[in-house]
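Residue numbers (UniProt numbering), protein chains in the order written: chain A, 1 to 167; chain B, 1 to 167. The C-beta atom is built at its ideal place from N, Cα and C for all residues, glycine as well.
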DNA sequence: CATTTAGTTCGGTATTTACAGAACTAAACG
DNA sequence: CGTTTAGTTCTGTAAATACCGAACTAAATG
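Structural data, given as structure tokens:
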């Protein structure tokens, strides 16, 4: 049914592309994805068209079904990937859900909260100690996080505003 | 020589404190420290006075010398911990270097760069593809990172300004 | 300069984690 | 309603990682 060029990605040799997937994959591996998750994600970033069915992913990466299944599951849980379906075709076509991915990133930015509360615990537990200098430094760093907690939503708002007025 | 109360931390039972170290430790474990690194870090955050010699750390955490040595090494490389020395005492007293730790955090905030360049690679590799919608989304998310790359230094400057005028 | 002290490094082990393969499931198709 | 399809789940294994213990090193001490 897909009558486009059936290449996985545009006009480059398949070997080249495998290399690119590895390369991009390594970057995302360092942002807390497992090697295979990172490769799946990189592949979907580069694929043309930008959605692939389960078997195509498995075949390209030469991995087992379970590994691909688990990688996709985690990528979907993290909001980086979703899938579309096509009428009269029961396959799922997996793709990077760029906009949800962006939302996840934005939310994670907002998560300074836990740092603040952990520091508060520490500061509270230290309240009877005889280390005023150190305790003051802890208050200082907590202050910084509180500052971020205020400012990050601000720049988020600024971004929203910029994008709103761009249409 | 240390004529303070020799308790590891202030006026709480040692069992309590072990529990606190675990608790605070678990939080830092989730921010890319190994369990033992996280415990060492948590211990130094709670210790009173806020510096401890090698053996005191080892004894408290009931771990091997090598494990403590490696944990301290990594914590020092990451800029979270340093040590002081005392005249006529060849031990090193390890402590959380709050201000360097803060600097590290601030630097890591500034590191949006790699995200942008990875996205640029992806966008470049996709330039001949037939997926305008997807490609536009990628440009959009890249735009967001570029925006952050501008704005984060700004809020950093704002913080510096606030702190400068606070003395 | 032999010994103690304060750690580091090296080699091995146990636990965890990533992945494979095969058995299973649920929906759709003939 | 048996079979194919599109995945998932379960069980085992290989590789990576965290940790231990013992051998080592470098500085200070007697």
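Straight across, the Cα-Cα distance linking residue 146/A with residue 137/A is about 14 Å. Residues of the segment 129 to 144 of chain A whose Cβ lies closer than 8 Å to any Cβ of chain B, in chain order: 129, 130, 131, 134, 137, 138, 140, 141, 144. The beta carbons of residue 33/A and residue 61/A sit about 14 Å from each other, so the pair does not count as a contact at 8 Å. Put simply, the segment 35 to 42 of chain B touches the segment 71 to 84 of chain B. At least three CB pairs are less than 8 Å apart.
Any Cβ of chain A closer than 8 Å to the Cβ of residue 24/B would place that residue at the interface, and such an atom is present. Counting C-beta atoms within 10 angstroms of its own C-beta, residue 48/B has 16 or more neighbours from the protein chains shown and is therefore classed as buried.
Against chain A, a Cβ distance below 7 Å from residue 121/B picks out 24. Counting the other Cβ atoms within 10 Å of the Cβ of residue 25/A gives 16 or more, which makes it buried. One finds nothing in chain B with a Cβ atom closer than 7 Å to the Cβ of residue 34/A; even the nearest lies about 15 Å away. With a minimum length of 4 residues, the unbroken runs of alpha helix (DSSP H) contained wholly in the segment 22 to 104 of chain B fall at 35 to 46, 54 to 61, 65 to 77. Taking a beta-carbon distance threshold of 8 Å, residue 100/A does not count as an interface residue toward chain B. Short of 8 Å from the beta carbon of residue 84/B, and not among the five residues preceding or following it, lie these beta carbons of its own chain, in chain order: 51, 92, 93, 95. Close partners of residue 161/B in chain A (Cβ separation under 9 Å) are lacking, with about 11 Å as the shortest Cβ gap.
Counting every other CB atom within 10 Å of its CB across the protein chains shown gives residue 14/A a total below 16, marking it as exposed. At a cut-off of 8 Å, the C-beta of residue 20/A has a neighbouring C-beta in chain B. Linking residue 143/B to residue 140/A through their CA atoms gives a straight-line distance of about 33 Å.
For the set 101/A, 104/A, 54/A, 114/A, the Cα lying nearest the Cα of residue 89/A is the one of 54/A. For the segment 72 to 91 of chain B, the beta-carbon criterion of a distance under 8 Å to any beta-carbon of chain A is satisfied by none of its residues.
Between residue 80/B and residue 101/B, the gap from beta carbon to beta carbon is short of 8 Å. A Cβ-Cβ contact shorter than 8 Å links residue 27/B with residue 114/A. About 20 Å separates the beta carbons of residue 37/B and residue 99/B, which is beyond the 8 Å limit, so they are not a contact pair. In terms of Cα proximity to residue 111/A, the closest of 77/A, 149/A, 154/A, 128/A is 149/A. The straight-line gap separating the alpha-carbon atoms of residue 130/B and residue 161/A is approximately 31 Å. Ranked by Cα distance from residue 152/B, the first of 105/B, 166/B, 23/B, 128/B is 105/B. Residue burial annotation: residue 20/B is buried, with at least 16 other C-beta atoms found within 10 angstroms of its C-beta. Shown in chain order are the members of the segment 146 to 159 of chain B whose Cβ falls below 9 Å from a Cβ of chain A: 147, 148, 151, 152, 154, 155, 158, 159.
Between residue 94/B and chain A, the shortest Cβ-Cβ separation is not below 8 Å.
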